[in-house]
Every structure is written in structure tokens, then in C-alpha cells.
Amino acid sequence: MVSTYLTFVLLIPLLGSLLVYLIGRQSPSVSGPLATIACVASFVATLLAGQSIFLDSTQSLTVNLFSWFSFNNIDINFALLWDSLSLFMCLIITGVGSLIHLYSIGYMSEDDSRPRFFAYLNLFIFFMLLLVLANNLLVLFIGWEGVGLCSYLLISFWFKNLDYAKAGKKAFIFNRIGDAGLLLAIFCLLFGIGEVEFLRIEQSLLINGAFQPYLYLAALGLFIAVTGKSAQIPLYVWLPDAMAGPTPVSALIHAATMVTAGVYLMSRMSYLFDAFPMLQHLIFIIATVTCLMAGLIAVAQSDLKKILAYSTVSQLGLMFMAVASGAYGIALFHVATHAFFKAGLFLSAGNIIHALHGEQSVHKMGGLWKKLPVTFVVYLICTLAISAIYPLAGYFSKHEILLAVKDAGYLGSFSWLLTVISMLTVVYMTRSFYLVFLAKPKSDLEHLHAPSILMNFPIAVLAVLTVIAGFIMPETLGQFLSPAIKEFAIKPDTLSEGLAHSILPIVVLVLTIVLTPILIGYQNLAKVLLFFPRHKFFVDEIYYVLVAVPFNKLASLLDSLIETATIKTTISALSATTLISSKSLSLIHNGQIRLYSALSLIAVLVLIFFTVLI
Amino acid sequence: MNFNLSIVLQVLLLTPILGAICLFLKAGKFCELTPAWMYNFVTWAVVAVSFFVPSALLLGETGLVHFSWFPSMGINFSFYADGLSYLAILFTAFVFLIYGLLNREQSAGFYACLLLIETSLIGLLISVNLLVFYFFYELMLFPIFYLMTTYGSSEAKKAAYQFLLYTLAGSLCLLLAIIYAGYSYFQAEGVFSLELVDLLNHTFTLNEQRILFLGFFVAFAVKSPIFPFHTWLPATYSNAPKGLAIIFAGLLFQAGIYGLFRFNLGLFPQAFAEFAPTLAVLATIGIVYGALLAWRSKSIRGLMAYASISHVGFSILGLATLNPSGVSGGLLQIFSHILIAVGLFTIAYAMERRQSGELITDFRGLASKAPVFSFFVICFSLASISLPLTISFVGEFQVLAASFAKFPIITCFALLGVILGAVYMLGFCQQILFGEPMTEDFDDLDPNERISLASLLVLILILGVLPRFATDLLGVIAKNQLSASPSEILEIIGNPKDKKLSEGLVLANLQVIPHE
Amino acid sequence: MNLNLLILVSTTIFTLGAIGLVLRRNLIVSLMCIELMLNAINLLLVSFSHYNNNLDGQILVIFVMVLAACEVAVGLALVISIFKHFKSLDTKEINNLRG
């Protein structure tokens, strides 16, 4: 029964995607609702399939759909793994996904290629579900590449703008680098222990230990894969550019679900990472630097969506810090809360951009709190949540992460960095909030494009989730995920503790609101202070010079050296020898019969001479 | 019904020959059939006949076709098909069928030449006599040369000469090696034979193997092509007239890889084992090199040609692993490349038919003009970069996983090719599909093109999701060919007279070969 | 008859013919030289036939004479058409087959 539901969970979005496109081509207005129904149906199927796991979270089930292929007598099955972790991820994907589908109906209502959009969106849900439901690394790889593909298609959705198309390509290529790492990890595991199924890898590691170099390489490969998908240094640069896609896409793919696939994968393979403390240390350092750097860049950006994008990179960094500290459950908790408030933020940003007819620069906004009251409230709640202010969801998850990181003791005397990172979040979020809603209006507010109820409802739901998640989730989630994830104990803080921890963020928040207008007055000072963050630390340019240029040079060198040269030398040498020999031989052929007859006579004489002689 | 394999094979070989002869004699005029109609009829007939091969195989027929020709020299018309030949024949027939759909307005001579190419491809896939194989291997050059020089531009003529010279030079080595193989068999056994079965049951000494391996290798390396022997390929594919690049790119390379597998690996296993690391290095250079030059290439077909070099590299790398899964992955890669190359060059042909210009930059923004076309471009590009659930992923995965176990560092470089694949293929898509459209009129695909591309795509997906049938079949074939494990090969190197190697080889299962 | 003498005569005639073929520039003379060489051979064949008491040589002579007749017929026809075409029979000028 469960396996039937589970098949439905997967198949509904896939069929939905096909149907939406085929039917949508005839009547575009049907495509949105149809896709939303498919997503909601998948959500319902998830709930139905998860009944038994809700009751007893230790249950797990492997559903073998069919045999895919085999490698060295190792059968690679198209199989699904159904346990509390995959259920948890499926709920986020289909739940938040449904809300964003609903929102998209309103947001995309004037676009002619809606069917294509919704078909891609449903296809994305399918691949994302496949990713989290996969029973082995190869099926996960299908989902892994599939979501990358959908991300590419959706980022370059408005393909007439070449910059958007380029952003899509960049995202795909950076993800592809990560995918190569994942392939490498799979090869290592196949070679090392001959297993690709999660449960069997775990068993094998439990029995044989993990003191083998190729397992270390496997973990490293997985980490490379994860930095690509979850936008960590050194492969994070695609995510800010990915904001070229429609805003619901940014909310769904580049905030709530796909980018957290890395956290999911590392939690799934936690036993592998736990075996290599050195690697964990490396992950921790990279995550911290990513977090700090993205936070700094976010402070200096003027594009609303880019601010949120760098914020996402920074929050992902936080999750990775938790993962590196061994607190996988807490990282997943943050995945959930982040999905709520970041999706809320992105969708609110979508409302704002929609209302301003596509304007994305925060410097050209202002005074919107009167015009977009619902959006204003949601954005405020989500800003407070991401700033970790009690009692919103963000407080609980972030607080736990900071505690876990401190416990792990990686930072030592640098633990003040954590405070800096948290305060940076408060600064950039408050700055955007101030500039968008509170600052003096800089554009005509009369001709606003008011958001429809379809767009306000999902963000309101997300805001509500943001408010209540902190009270409900910690305890339940702890018990729920404990079979899949090792120790995961969250004790909710008391009211007084919560308020005490919230004092600093609130102070920074107020300070930012006070200081931002003053800083805007001293623009030159801001320019000097934020020179590097404003230019994103020149990472794109550095990559261009260090990677793209050498490869291009190499290619043109090979082209001129080998292609042209070999053709020229071999072919022309051949033709030259032929020509020279033919020219010298043609001297004999002077057209004079006398010469010919003389030559043949001589030849005969020579032959006779030799015959007689020998 | 009981189909005798030998009859099926004879019919399979004779159908295109007869078709070609009828077309040459312009037989269509007497019954008012257009050449295109006759060509299509013949290609359908070949596909239909080739479906009888597995039923004949499954019935356990060991009907080797055997006509004595020159028995004292061991040269006979002997034909046999195993699973690999069968799949390759089926795909070959399918590609010719598709080409018939795409190109309907050519003269009788044109189609006759195509059928001659089909004959030679089928012939070399089923011949189990070295000289007959060589005959078919050469036979295809002349129709190709004729088509290129008669219908092509002056550039195509140049390319045709280049192609002919390169391939003939390679084939010369093949001929010499074949004669030498027969001679060394004669020295050892006292009879002269070029029958593959006899030679498989004979163990060549190590030095003989090395020399013979090189002779065969050069010919197949030119045809495949393997890295330093590839320079004829971009020119030929880029200048082939009238969409013939579909046939060339889709089918010529398989002769090389098939030969490497059937003859180099089958007859000279020890030399192959010795040479495998070099082969792996060459294959990997080909993968990365092809990808880099595809990235740099400015012309559409040039890009696809270099991409072909890159893809073929995976196939060769698979053979070099000498691991059953790796080899079967390499063989599967042949079929995936047939489907993908045919798809890509069909797309290029469709573009050329609609708008003049062979550079990538001559096209822009086609996505908003021709959505169906764009759909196929994206799909085939993704298949070409071996996204999971396409056939190329399965082959590439098996190849890379097997080669990682044997050559870890080389494999890391091959993975670089996987990344670069995305760079050039998506760059190509972006350049031609996205942006503001440049031209007003670019018609979307016509029904024939849609049917051909869709059927290719369906095959790519079906074989990508359910590749079990093909991988199992190819796995068994690869295992048979490799029945001696590398360690055993090393043992045998000390004792070259050991017959153990030939046991279990596919053709060695045939018991009786009549020798008049 | 002295065989040596006969051999000497026929080789002399043959050599004369060969030298003529190489040195003379007129086509008709060249043809005549070839004829001379053939007849020298004929003479030799007859001589040996006589010397050996064996008719094989004489049979060959008949063959050679038939051949010579054909050669003259075809050769002269060619000479005439060459003369019509080039207005000359000088082999130095007729060198269209020059490589």
C-alpha cells in the first residue's frame, strides 16, 4: 500500500508535467491550476504514504521499482528508500512547492509561456522528490542532475534576454563540476566497498570501518558535489546569477529546496563524514568563510533578489557549519525553517517586483508599507525570523546551530566570528527592509500592480508557518528524525532565555534602521567601505582569469598546433614528396619515341647482361 | 517458423546489394518508381529482415554462411552474427531508414551509393573471414568518395581526398597485417587460413601479436578515430553534402570500434593487455581534446564532429579497461553515439536546409521561432552530455567506473571531459536558441524530421531507463571475449602455446567449419 | 653454310635497325627500322631451324611475318593520320605525350 502511494508521490508530478504542457498548449490558463493540483496531490500522497512513519518513525521501507543496470555483477536498482528523513524532505518539497505553485498562478498570469513554466516546475518537483527518495547514489544522481537541468531551464526561462540564458548556463556548468565530484564519489564507493545503496554502505562501514583512502576520496567527492549544488565556496558563484529566473523559481529552487539537497546528502551519508574529522574541519572552515563572505556581499548589493540570494548562500553556510559539527538534525531543522522564511521573503520580493513592474533595485523602492500591507507584514516577520529573534522559527534553528558549533569547538578563540555572521544577517535584512518599505518613496506609487489574493495567500501561510514552527517543530522533529539521524536533542529555550538572546539582534536591527539613511547620506564613505563586497570580491573575474582564459588558450593552442599543423605537415609532406618524385620522373617522358626506344633497348641489354652474368 | 540464420544473413546482405544494382540500372523507370521510393523500400526491407536475426539466433542455429571462394588461401565467404553484430546491424538499418525520411529528392545514383555503403557496413559486421571483412571495410570508401566529390563543394572534394588517403593508408596496414596473420597461422599449423574461427583457436606468439595488433590498430584508429589519427574527421563531417554527415558521423566510427573489439581484443588479447594503458591515455586525450576543440569550434558541424571524437573516446576507454562491465559500457556507447550523432547531425541538416550559413553565430534566438526544433536541440544536447536516464549515461557510467578501478588518474581527466561537454553543448544551445531572433523566417520542423528525431529520442530514453536488455547482452559478449582475466593473460604470456585463451570466445563455440 | 656467319649477318642487320630506330627522326624510317629488326630475327630463326633440322623456327617465322604485316598495315595507317594531323613526320615535333 505504502509503495503504491510512494509511486504516486513520484509519478504525479512527472505525469503532471507532461499533461500541463500538452493541455496547456491549447489553453494556457489551465496549466497553472493543473500543475498546482498535481503538486498538492503529490503532497497528499506523501502524507498518506507517511502515515505509518508518523506513528512510528523507526520504520523504513525500500521499494524496488525495477532493475536499472548492473556493474560488475552489482545490480543497480531503481529503488526508493522511505524513512523519516525522506518523508521530512518530501513534505518540505511538496508542501512549500504547492504554495509556490499556487503563488505562480498569480505571478505568471500574464506570461504567454505559462505551460512551459509550470511543466518545468512540476518536472523539478519530480526530480527533487527522486533525489530525496533515492535508495542508492545512482538514483540520487538522476535527481541530482535532473534538478540541475530544471534549474537551468527555469533560470533561462525568459531566454530572449541573453544574460538570463547565460546565467542558466553558468548555473548548469557549476553544478556539473559538482556532479563530476559526485560521480567520482560513486566510483570510489563502487571500487572500495562495491556498494552504492545508502543502507548497505552504512552497514559496510559499520563492519569494516572507514580507514581506506578511497573512502576519504569518496567523502571529498561528495563534498565537491555538495558545494556545487548548495552554493558553497568555491562553486557558489552561480546562485546569485540564478536570480535571473522568475521569482517563484528563486523561492522554490534557489532557496527552499534544491540548494538544500547538499545538506540532505550529507545527512544521508553522515556516517561517512563522521569518519573523517579532518574533512569535517575543512568543511567547517569553508562553510564559515562562505557564510562571512556572502553576508558581507549581501550588505553591499542593491538588487533585492541578489541580497536574498547572498543571504541564502550565507544561511546555507550556517547549515554546513552545523553539518560539519556533526549536528545533522539541527542542520535539517534549519533547512525546514529556512524553507519557510526564505520562501516567504522571496515571494514577498516577488510581490514587490511584480507591483513595481519588474523594478529590482532597492534604491528605487521605498514607502511600500502602505501600498502592500500584507507583503509588508510577511516581510517583517520573515526578516525578524532570519535575524533569529524570539519566538520566531529562525531563532530556534539558528540558536541551536550556534550552540552546536560552539560545542564542536572548531572555532576556538574565533567564536566571535559567529556573532559577526549573525549580526551581518540582521544588517543586510534590515537594510533591505528599510529601503523597500520605510524609506522615502523614490518612484511613482500610484500605478502599482496590486498582488492578487493568489499571491498573498501563500505568503501569509508561509508567515504563519514561520511563526509557529519554532514552537512545534523542535521536539517533534527531534523524535521524528532520530532513527535516520544520530543524536538530535533540542530543548526549547524558556521565554526569558529567548528574550535575552534576542537583545543583541534587536539592537543591531534598530541601529541599522537608524544608520542606513545616514550612511546613504555619506555615499562616498559607503563606497570606500564596501568596495570589495560591492564587487563581490571579484570572484567572478578571478575565475574568469584563472579558469576560462587558460582553457580557452589551451584550446586555441591545440587548434593551431595539432589540428592545423598536423594537417599541414602530414598532408603537405605527402603531397610534396609525390610532386617532387613525379616531376623528376617525368623528365624521362619527353615525348620522343627515340628516347623511349633507346631506353627499352638499354633495358633489354642490361637484362641480358645480368642473365648471362648470373 | 524456423528461420535459418544463414538464410537470414544472406538475405540481409543481398537486399541492399540488389537494391543498389536496381538503382544503378535505373530499374525504377520501367515500373515508374522514384529512386527515393525504391531506396525507402529497400531500407525498410533491411530493417524487417534484420528483425529475423535474433529469432534465428535464439533458435540456437549455428548456421554459419560459408561459400568457398579461394580455399587454398583460406579465403571464403563466411558470415555469422552474434548479439553485437545484430544490434549494430539493427541500428545501421535504422539510420539508413531515417536518412530516407529526411532526404527524398536525390538521383538514383545517389541512393545506389547509399545502399552500397549500407551493404558494406552490414557485410563487415557479419563477416568472419578477415579478407572478406577487409573487402567490405574498403568497399564503403568508394561510394563515400563518389558522393563527396560528385555532390559536394570544392571543400568537400578536398575533404574526400583527405578521407580517402587517410583511410587507405590505414587499410594498407590492415591488409598487410591480415596477410601476416594468415602467414603465421600457416607457419604454425601448416594450412593457410584467414577464417576468424581458426585464428581465434590459434594462439599467436607475443611478438606476432604485437606486430599484428599495431597493424589492425592503425586501421581502426583512423576509422574510429582515436586521437592522433582523427584529423580527417572534422573536414569530412563538416563538408559532407546533402546531410550525408548523418550517415558518416552516425555509422562510420562503429566499424573502427567494432574491429578493435572483434579482432584486436579477440585475436591478440595479450598485446591488447599490454597496450591497454596507452590506449586509455589516447582515449582520454581524445575525450578532453575533442571537448576543448568543440568548445572552440565556430561551425555547427565542426562542433558536432569534435564532440564525436570526444564521445568515441569513451568507447575506446571502455575497451581499454578490459573489464567486462567497462567493455560492455564501451560497446553500449557505440549505440548511444549512433543515436546522438544522428540526432545532432539531423538537426544541423535541418538548420542548413532552412537558412544558409554554417557558423554557429549565423543563428540566434531560434527558440521563439521554432519551439519543436528547440525542444529537440535541447534534448539531444542533454543526451550528448549524458544526462542520467539517457542511454549515454549508462554507457559512460560503466566505462568511467570500470576505468576508475584501473586507471584512477586518467579517469579524473576523463571526468574533465564530462564537465567540458556541458560547456560546449550548452554554449551551442545558448548561441542558436536564445536571445532575440535574428531572422524572420525559420520554419519549424516538418513531419518527417519530427518523426525521425522523435523516434531517435524515444530510443535514447527507453534504452536509458531500461537498458537492462542491451547491457546484459553486451555484458555476456564482453565477458566471452575477455574470458581470460588479465592475470591469466599475464601467465599465458610466458607460455604462448596455451590454448586456454580461445576457450569460450564467441566464435569458438561454432564447432564445424567445412574446409574444402 | 656457316652458322656463325649467319648469326653475324642477322645481328648486324638487327643492330642497324636498332640504331636507326634510335637515331632517325622520320616516322616511316622508324617503321622500316622495326621491320628490319623483325627480319633480322626471322633470318636468325630460319638459320637455327636449318641448323637444328627442326621446323619450329620456321613456324615462328610465319607468325612473325603475319605480325609484321599487321604492324605495317596499322603503322602506316597511323603514319598517314599523324601526317594529316601534324603536317610532319618528324618525331621530334610529335611529342604530345611529353610528361
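Residue numbers (our numbering), protein chains in the order written: chain A, 1 to 614; chain B, 1001 to 1516; chain C, 2001 to 2099.
Cβ coordinates follow ideal geometry from the N, Cα and C atoms, glycine included.
Closest Cβ-Cβ distance between residue i and chain A: below 8 Å?
i	result
Ser-1368 of chain B	yes
Glu-1488 of chain B	At Glu-1488 of chain B the pLDDT is 43, less than 50, meaning the model places this residue with poor confidence; the figure from the coordinates comes in the next sentence. It does not: the Cβ of Glu-1488 of chain B has no partner Cβ on chain A nearer than 8 Å.
Lys-2087 of chain C	no
Asn-2096 of chain C	yes
Phe-1041 of chain B	no
Glu-1138 of chain B	no
Ala-2018 of chain C	yes
Glu-1528 of chain B	Chain B is shown from 1001 up to 1516; residue 1528 of chain B falls before or after that span and cannot be answered.
Thr-1119 of chain B	no
Leu-2008 of chain C	no
Leu-2021 of chain C	yes
Chain C beta carbons: is any one of them nearer than 8 Å to that of residue i?
i	result
Ser-584 of chain A	no
Leu-601 of chain A	yes
Asn-590 of chain A	yes
Ala-598 of chain A	yes
If we ignore side chains and look at the alpha-carbon of each, how far apart do residue i and residue j end up?
i	j	result
Ser-3 of chain A	Phe-1133 of chain B	53 Å
Pro-1225 of chain B	Leu-1164 of chain B	14 Å
Leu-1114 of chain B	Leu-2089 of chain C	52 Å
Asn-72 of chain A	Pro-1324 of chain B	7 Å
Tyr-214 of chain A	Gly-326 of chain A	22 Å
Met-1148 of chain B	Ile-1017 of chain B	20 Å
Ile-1285 of chain B	Leu-1331 of chain B	19 Å
Val-9 of chain A	Ala-35 of chain A	14 Å
Leu-587 of chain A	Ala-1276 of chain B	50 Å
Leu-601 of chain A	Ala-2018 of chain C	8 Å
Asn-351 of chain A	Thr-375 of chain A	7 Å
Out of the options, state which residue places its alpha-carbon closest to the alpha-carbon of residue i.
i	options	result
Tyr-410 of chain A	A:Ile-283, A:Lys-442, A:His-363 and A:Gly-350	A:Ile-283
Thr-1167 of chain B	B:Asp-1082, B:Ala-1240, B:Phe-1253 and B:Val-1197	B:Phe-1253
Lys-2087 of chain C	C:Leu-2038, C:Cys-2033, C:Asn-2026 and C:Gly-2017	C:Asn-2026
Val-2072 of chain C	C:Phe-2083, C:Leu-2043 and C:Ser-2030	C:Ser-2030
Ser-60 of chain A	A:Asp-112, A:Ile-468, A:Phe-88 and A:Val-259	A:Phe-88
Ala-450 of chain A	A:Lys-364, A:Gln-592 and A:Lys-370	A:Lys-370
Phe-1272 of chain B	B:Phe-1217, B:His-1230 and B:Glu-1189	B:Phe-1217
Phe-617 of chain A	A:Leu-153, A:Lys-229 and A:Leu-138	Since the first and last residues shown for chain A are 1 and 614, residue 617 of chain A lies out of range.
With 8 Å as the threshold, decide whether the Cβ of residue i is near any Cβ in chain B.
i	result
Lys-169 of chain A	yes
Asp-407 of chain A	no
Phe-69 of chain A	yes
Asp-559 of chain A	yes
Phe-616 of chain A	Residue numbering for chain A in the displayed model covers 1 to 614; residue 616 of chain A lies beyond these limits and cannot be assessed.
Lys-370 of chain A	no
Leu-183 of chain A	yes
Thr-578 of chain A	no
Arg-176 of chain A	yes
Which residues of chain F have a Cβ atom closer than 8 Å to the Cβ of residue i, listed in chain order?
i	result
Thr-2091 of chain C	No chain F appears in the structure shown, which is made up of the protein chains A, B and C.
Contact set between the region 1385-1402 of chain B and chain A, restricted to residues whose Cβ is under 7 Å from the partner:
Leu-1387, Pro-1388, Leu-1389, Val-1394, Gln-1398, Leu-1400 and Ala-1401
Are the region 1394-1411 of chain B and the region 115-125 of chain A in contact at 8 Å, needing three or more beta carbon pairs?
no
Contact residues within the region 2026-2054 of chain C, judged by C-beta distance below 7 Å to chain A
Ser-2030
According to a CB-to-CB cut-off of less than 9 Å, which residues of the region 1235-1266 of chain B neighbour chain A?
Ala-1235
May I ask you to verify whether the region 327-335 of chain A touches the region 262-278 of chain A, counting CB pairs closer than 8 Å and requiring at least 3?
yes
Below 8 Å, can you find three or more Cβ-Cβ pairs linking the region 97-110 of chain A to the region 454-466 of chain A?
yes
Counting Cβ pairs, one atom from each stretch, are 3 or more of them under 8 Å apart for the region 1339-1347 of chain B and the region 1293-1309 of chain B?
yes
With a threshold of 8 Å, are at least 3 pairs of Cβ atoms found where one atom belongs to the region 253-260 of chain A and the other to the region 206-222 of chain A?
no
Under 8 Å, with one C-beta from each stretch per pair, do the region 1208-1217 of chain B and the region 1173-1187 of chain B reach the 3-pair mark?
yes
Does the region 1126-1141 of chain B come within contact of the region 1093-1100 of chain B, defined as at least 3 CB pairs closer than 8 Å?
no
Are the region 336-343 of chain A and the region 352-372 of chain A touching, with three or more C-beta to C-beta distances below 8 Å?
no
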